[in-house]
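Colleague: Before I ask anything, here is the structure I am working with.
Protein chains in written order, with the working numbering: chain A, 0 to 262; chain B, 214 to 647.
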């Protein structure tokens, strides 16, 4: 816990004549948002613990342009995309892992036609791979019998069809997965996607995150697991609204894994 | 007299087909008011999608009650149409049960159709019950007021009447067969209409023939009326579900197309060597009217049967926001019809100056979280998100109309490389705290 971890940047490795196997794309939320930074740190601790040869771009990373694009500003999106692609290509990046499903979707699906083709995986996929390869192991049943529900983010789930990797991580930690009624393909959005995170919701009779958090609370789980920094924030707010702080926690799968391994 | 009836039938049939074809041509024209799209790649996958989703109804059964009832009506519709083929042959050639030479196969088929007809009738009753007694919320959204609900009711009632006519026709027919009337050869099996004969057995043959003819004509006229009603109705999905699934998106749902016109502009700014200097600057960004949408979006609008599964799974709609993906599809169809009519009156190059934004408000567009729930929910792969998104692009890029928070977010991305106002040089500060 007290061990100081050095997070290498790609530039630093290049200067030493070294190369990382995988670039960890941190994303804006993971870099700046206090809640999301915890996810970033947890993930880095896992990477460090397992001994994955990774690096970050540091100050050379820039918004993928996802929120600009979803808000209709294609021009700004492509400006961002081109700048990022120039950086990634200059460093000859081939594999990217990210803790944000929005960054994941954008780089994986929307960068190739602009000249940026990489192998892009979400951090839950990497964690599952590490578990399958036996590199990421857990002590005696870290979450045995603990009721955990899982919230499918739209951009990992419906947008890219990744439903099983996150669930298999929970399984590997011996958690008792209790599904919400709306899950997998029918999962309900947390309300943040499509750049909604950055504006007030339109007029309605309920906030989407409250609707979704209520559904999660109904499962009786004490942990709501998520895979997206925005979902984590939205569901966390939902928990506060329901006065369930202390009873129900919202945690990213990276945080759960780090907890299970006492990192 | 017999030839007169045949002649009359041929005229009626010809007129019905003529009007149907005329209307279909107009719809085709309206669909192609949309922009050209490159959507015929990966044909094997497209055939598979169509077979699975349209033919196999794979997405219908996600909601089992409606799914199973729908499959009954669907199979009923397709198979009973084989009997309609026979009715056509009989009508044109003055024969009776022209396909009865098939013997036992024919008897089994007629019996099976009767059972299907009864099941279709029951399914229609269940559907009416779901709408008007159970009052399932998605059938009572604001956009369902007026024509939309009337249309749905007419279709169910017409289907029920057609099924009754078919069964009654068979009921009289078997009485005539039993009484040995000329022309009415013994053929078919009647497991359902067998129970409906009671009323007819006391009549003499000439009266029964009148009954039989009345039901026969009623049934076929009903079908021809229905054929011509369908293109004006939400029921057009029975045809368009097939092309709509064939042309549906094969890319990951999260992939939003990049605009090539903008790529060129961006290249001109960042790296002119990659840009095509001869590419004309784009005329318009995003969608103002149906003419700015891809043609598959307009086809989707005509294919929509207004079931509302999209709306009932839309997070914005569930939480009381104004957005309803179904309404987006209905408005798109209404607008395509309106523009099509205006072009009929004033010529192909005419534009009435109206826009799709007259029907779909900014408030609706802004409520979308781009979550793809509507796209997933649609039983025939219609994509309301594509229309919402392209209209949003128009508001942002052409009109610069957007919430101030979005304007701030954009300027932060532009200046600070993040949607929030942090210094880009602080991006990796978290690494010091680990």
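We put the beta carbon where it would ideally sit given N, CA and C, even for glycine.
First and last residue of the alpha helix (DSSP H) that includes residue 627 of chain B?
Modeller: Stepping through the second chain from its first residue, residue 627 of chain B is reached at position 414. 617-629 is the extent of the alpha helix (DSSP H) around residue 627 of chain B.
Colleague: I want to see whether chain B comes within less than 7 Å of residue 62 of chain A, judged by CB atoms only; does it?
Modeller: Position 63 of the first chain, counted from the first residue, corresponds to residue 62 of chain A. At a cut-off of 7 Å between C-beta atoms, residue 62 of chain A counts as an interface residue with respect to chain B.
Colleague: Classify residue 219 of chain B as helix, strand or coil using the three-state DSSP reduction.
Modeller: Position 6 of the second chain holds residue 219 of chain B. Helix.
Colleague: Just tell me which of B/532, B/564, B/578 has its CA closest to the CA of residue 541 of chain B.
Modeller: Counting from 1 along the second chain, the entry for residue 541 of chain B is found at position 328. Measuring from the Cα of residue 541 of chain B, the nearest candidate turns out to be B/578.
Colleague: Looking only at C-alpha atoms, which of A/86, A/180, A/207, A/132 sits nearest to residue 115 of chain A?
Modeller: If you number the first chain from 1, residue 115 of chain A lands on position 116. It is A/86 whose Cα lies nearest to the Cα of residue 115 of chain A.
Colleague: Anything in the segment 532-550 of chain B with a Cβ closer than 8 Å to a Cβ of chain A? List those residues in chain order, please.
Modeller: If the cut-off is 8 Å between Cβ atoms, the segment 532-550 of chain B has 532, 533, 534, 535, 536 near chain A.
Colleague: Would residue 448 of chain B be called buried (16 or more neighbouring beta carbons within 10 Å of its own) or exposed?
Modeller: For this step, residue 448 of chain B is matched to residue 235 along the second chain. With 16 or more Cβ atoms within 10 Å of its Cβ, residue 448 of chain B is classed as buried.
Colleague: Enumerate, from N- to C-terminal direction, the unbroken beta strand (DSSP E) stretches of 3 or more residues contained entirely within the segment 138-192 of chain A.
Modeller: Assignment of beta strand (DSSP E) within the segment 138-192 of chain A, counting only whole runs of 3 or more residues, yields 146-149 in chain order.
Colleague: Kindly say whether residue 78 of chain A, judged by its beta-carbon, lies nearer than 7 Å to any beta-carbon of chain B.
Modeller: Working through the first chain from its first residue, we reach residue 78 of chain A at position 79. Chain B contact via Cβ: present.
Colleague: Just mark residue 95 of chain A as buried or exposed, buried being the case when its beta carbon has 16 or more other beta carbons within 10 Å.
Modeller: The count along the first chain starts at 1 and reaches residue 95 of chain A at position 96. Burial call: buried.
Colleague: Just checking: is the beta-carbon of residue 580 of chain B within a distance shorter than 7 Å of some beta-carbon in chain A?
Modeller: Taking the second chain and counting its residues from 1, the one referred to as residue 580 of chain B is at position 367. Yes, because at least one Cβ of chain A sits closer than 7 Å to the Cβ of residue 580 of chain B.
Colleague: What are the complete beta strand (DSSP E) segments, minimum 3 residues, inside the segment 74-119 of chain A?
Modeller: 94-97
Colleague: Quick check: residue 510 of chain B and residue 600 of chain B, are their CB atoms within less than 7 Å of each other?
Modeller: Reading the second chain from its first residue, position 297 is the one you call residue 510 of chain B. Reading the second chain from its first residue, position 387 is the one you call residue 600 of chain B. Yes, they are a contact pair.
Colleague: Going along the chain, which residues of the segment 65-91 of chain A sit with their C-beta nearer than 7 Å to a C-beta in chain B?
Modeller: 66, 67, 68, 69, 70, 71, 72, 73, 74, 75, 77, 78, 79, 81
Colleague: So for residue 299 of chain B, helix, strand or coil by DSSP?
Modeller: On the second chain, position 86 is the one that residue 299 of chain B refers to. Three-state DSSP puts residue 299 of chain B in a helix.
Colleague: Using a Cβ-Cβ distance under 7 Å, would residue 631 of chain B count as near chain A?
Modeller: Taking the second chain and counting its residues from 1, the one referred to as residue 631 of chain B is at position 418. Using beta-carbon distances, residue 631 of chain B counts as an interface residue toward chain A, with a partner under 7 Å.
Colleague: Helix, strand or coil, according to DSSP, for residue 133 of chain A in the structure here?
Modeller: Counted from its first residue, the first chain places residue 133 of chain A at position 134. Looking at residue 133 of chain A - three-state DSSP - the assignment turns out to be coil, as it is neither helix nor strand.
Colleague: Could you say which of A/189, A/192, A/67, A/21 lies nearest to residue 630 of chain B if we only look at CA atoms?
Modeller: Here the question's residue 630 of chain B lines up with position 417 in the second chain. Of the listed residues, the one whose Cα sits closest to residue 630 of chain B is A/67.
Colleague: Mapping DSSP to helix, strand and coil, what is residue 607 of chain B?
Modeller: Along the second chain, one-based indexing puts residue 607 of chain B at 394. In this structure, residue 607 of chain B counts as helix in the three-state DSSP scheme.
Colleague: Between residue 30 of chain A and chain B, is there a C-beta pair that is closer than 7 Å?
Modeller: On the first chain, position 31 is the one that residue 30 of chain A refers to. Interface residue, yes.
Colleague: In chain order, what residues of the same chain have a beta carbon less than 6 Å from the beta carbon of residue 177 of chain A, not counting five sequence neighbours either side?
Modeller: Residue mapping note: residue 177 of chain A aligns to position 178 of the first chain, counting from 1. 146, 148, 218, 220, listed in sequence order.
Colleague: Measure from the alpha carbon of residue 161 of chain B to the alpha carbon of each residue in B/462, B/608, B/288, B/282, then state which is nearest.
Modeller: Not covered by the structure: residue 161 of chain B. The range shown for chain B is 214 to 647.
Colleague: Cβ closer than 8 Å: which chain A residues qualify as neighbours of residue 481 of chain B?
Modeller: One-based indexing of the second chain puts residue 481 of chain B at position 268. Within chain A, no C-beta atom comes less than 8 Å from the C-beta of residue 481 of chain B; the nearest is roughly 11 Å away.
Colleague: Take the Cβ of residue 268 of chain B as the centre, count every other Cβ of all protein chains shown within 10 Å, and call the residue buried at 16 or more, exposed below.
Modeller: Working through the second chain from its first residue, we reach residue 268 of chain B at position 55. Residue 268 of chain B is exposed by the Cβ-count criterion.
Colleague: Are the Cβ atoms of residue 247 of chain B and residue 508 of chain B separated by less than 7 Å?
Modeller: On the second chain, residue 247 of chain B is found 34 positions in, with the first residue counted as 1. On the second chain, residue 508 of chain B is found 295 positions in, with the first residue counted as 1. It is a contact, given that the beta carbons lie within the stated cut-off.
Colleague: Go through its chain and collect everything with a Cβ distance to residue 216 of chain A's Cβ below 7 Å, but skip five positions before and after it.
Modeller: As a position in the first chain, residue 216 of chain A is number 217, starting the count at 1. 241, 243, 247, listed in sequence order.
Colleague: Do you know whose CA, among B/411, B/378, B/446, lies nearest residue 426 of chain B's CA?
Modeller: Taking the first residue of the second chain as position 1, residue 426 of chain B is located at position 213. Of B/411, B/378, B/446, the residue nearest in Cα terms is B/378.
Colleague: Mapping DSSP to helix, strand and coil, what is residue 450 of chain B?
Modeller: Against the second chain, residue 450 of chain B aligns to sequence position 237. Residue 450 of chain B falls in the helix class under three-state DSSP.
Colleague: Can you tell which of A/23, A/199, A/35 has its C-alpha closest to the C-alpha of residue 126 of chain A?
Modeller: Working through the first chain from its first residue, we reach residue 126 of chain A at position 127. For the options A/23, A/199, A/35, the alpha carbon positioned closest to that of residue 126 of chain A is the one of A/23.
Colleague: Hey, how far is the Cα of residue 366 of chain B from the Cα of residue 316 of chain B?
Modeller: Locating residue 366 of chain B in the second chain gives position 153, where the first residue counts as 1. Locating residue 316 of chain B in the second chain gives position 103, where the first residue counts as 1. In a straight line, the C-alpha of residue 366 of chain B is about 38 Å away from that of residue 316 of chain B.
Colleague: Is the CB-CB distance between residue 433 of chain B and residue 300 of chain B below 7 Å?
Modeller: Along the second chain, one-based indexing puts residue 433 of chain B at 220. Along the second chain, one-based indexing puts residue 300 of chain B at 87. Contact flag set, yes.
Colleague: Tell me, which residues are paired with residue 224 of chain A by DSSP?
Modeller: Taking the first chain and counting its residues from 1, one reaches residue 224 of chain A at position 225. A/149, A/250.
Colleague: Using only the alpha-carbon positions, how far apart do residue 573 of chain B and residue 381 of chain B sit?
Modeller: As a working mapping, residue 573 of chain B is identified with position 360 in the second chain. As a working mapping, residue 381 of chain B is identified with position 168 in the second chain. Whole-angstrom Cα-Cα distance: 47 Å.
Colleague: Helix, strand or coil for residue 207 of chain A, going by three-state DSSP, please let me know.
Modeller: As a first step, residue 207 of chain A must be located in the first chain, where it is residue number 208. Residue state, collapsed to three classes: helix.
Colleague: With C-beta atoms as the reference, is residue 84 of chain A less than 7 Å away from residue 110 of chain A?
Modeller: Here residue 84 of chain A corresponds to residue number 85 of the first chain, with the count starting at 1. Here residue 110 of chain A corresponds to residue number 111 of the first chain, with the count starting at 1. Yes, the pair counts as a contact, with Cβ atoms nearer than the cut-off.
Colleague: Going by DSSP in three states, residue 455 of chain B sits in which element: helix, strand or coil?
Modeller: The sequence position of residue 455 of chain B within the second chain is 242, counting from 1. Note: residue 455 of chain B maps to helix in three-state DSSP.
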